[in-house]
Ligand code: NAD
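In our numbering, the protein residues as written are 15 to 318.
Here it is in structure tokens:
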């Protein structure tokens, strides 16, 4: 099939590579020429605009940072909608708010195209192995047509409902995952400061309701090793939490825990660490309290 891909970052580049590896014809665009060059080297064709990607494709995947980027690239000037043929499908995989997702989908449907929302769960490692979690929303006929493309990138597929429901699922998920991460850094820092060891806290918490996937899987791989290299950037985690809080507030209730997590992530941004993995939140606590929350070797703790 002829597939287009826009947004070749930490997640998008390996996802696009997996579409190529599955034997599809791939046309790519990113505002970073280096990102495009890497995919061209692997066999993709380069395009200069979203419109050009649309004109060359039956399906166009978008994997961009924020809602405004998706809107600009899909329905803006020289966007995908100007090039895609009737019947073409945009597969929107970024983490954006459901309102923007529905709005863009409505514009496409009026032009005889469609949008399937399929934001992704798990990490950049799963983007490489093609084993992401897919949270799929949209019209059933469009979803059925998009499935062969989606299957190149993910293995756990959850059908969430009509247009925008995949994005609703994703921001709900990330509100929780991120607030848990922030709470972990706070609790562990307090424990170390009070004289406990990381090993002891892990052993005890593993038997109680405090245990969580961030503590079991994510933090031993990065935060506890002092590794803040690109993975899930603080600026993106902060954006996800903000979007979820805005959805809550638009419905008239406060997202107090979410706003506290967002403030923590925004602080990482103002300290110049917005591009670092969220593991850096542990480092910020360490610096504040003059402590270290580290383990010496590779992770020994597994999920129960
Ligand atoms: P990233 O910042 O690494 O990559 C984004 C890419 O989009 C960059 O290459 C950038 O040059 C390009 N881009 C930005 N604006 C553009 C525009 N207007 N036109 C063309 N290209 C443009 O981000 P990422 O980590 O790959 O995340 C992408 C999306 O996936 C985000 O919405 C993020 O929240 C979500 N997500 C990320 C992770 C993760 O672990 N990193 C996991 C799940 C979901």
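From the three backbone atoms N, C-alpha and C, an ideal C-beta is built for every residue, glycine too.
{"query": "In angstroms, rounded to a whole number, what distance separates the CA positions of residue 80 and residue 224?", "result": "32 Å"}
{"query": "So, helix, strand or coil for residue 91, using DSSP?", "result": "coil"}
{"query": "Is it the case that the Cβ atoms of residue 49 and residue 23 are separated by a distance below 8 Å?", "result": "yes"}
{"query": "Name, in chain order, the residues that DSSP records as bridge partners for residue 134.", "result": "148"}
{"query": "Who are the near neighbours of residue 18 in its chain, counting only those whose CB is closer than 8 Å to its CB and skipping five residues on each side?", "result": "40, 41, 42, 43, 61, 67, 68, 70, 71, 73, 74, 75, 94"}
{"query": "Let me confirm a value: residue 106 is counted as buried when at least 16 other C-beta atoms fall within 10 Å, else exposed. Which label applies?", "result": "buried"}
{"query": "Would residue 89 pass as a contact of residue 254 if the rule is Cβ separation under 8 Å?", "result": "no"}
{"query": "Quick one: does the C-beta of residue 79 sit closer than 7 Å to a heavy atom of the ligand PLP?", "result": "With respect to the ligand PLP, the structure shown offers nothing to examine, as its ligands consist of the ligand NAD."}
{"query": "Using DSSP's beta-bridge definition, name the partner residues of residue 59.", "result": "41"}
{"query": "For residue 104, which residues does DSSP report across the bridge?", "result": "74, 129"}
{"query": "How many Å lie between residue 123 and residue 82 at the Cα?", "result": "19 Å"}
{"query": "Below 8 Å, how does it come out for the segment 243-258 and the segment 200-220: are there three or more Cβ pairs, yes or no?", "result": "no"}
{"query": "Helix, strand or coil: which one does DSSP assign to residue 290?", "result": "coil"}
{"query": "From which residue to which residue does the beta strand (DSSP E) around residue 259 run?", "result": "Segment 248-264 is the alpha helix (DSSP H) holding residue 259; no beta strand (DSSP E) there."}
{"query": "Could you tell me whether the segment 176-183 touches the segment 126-135, using the rule of 3 or more Cβ pairs below 8 Å?", "result": "yes"}
{"query": "Let me make sure I understand the geometry here. Which of 237, 219, 113, 166 has the alpha-carbon closest to that of residue 265?", "result": "113"}
{"query": "Taking the alpha-carbon positions, what's the residue 26 to residue 167 distance?", "result": "10 Å"}
{"query": "Roughly how many angstroms lie between the CA atoms of residue 36 and residue 140, to the nearest whole one?", "result": "16 Å"}
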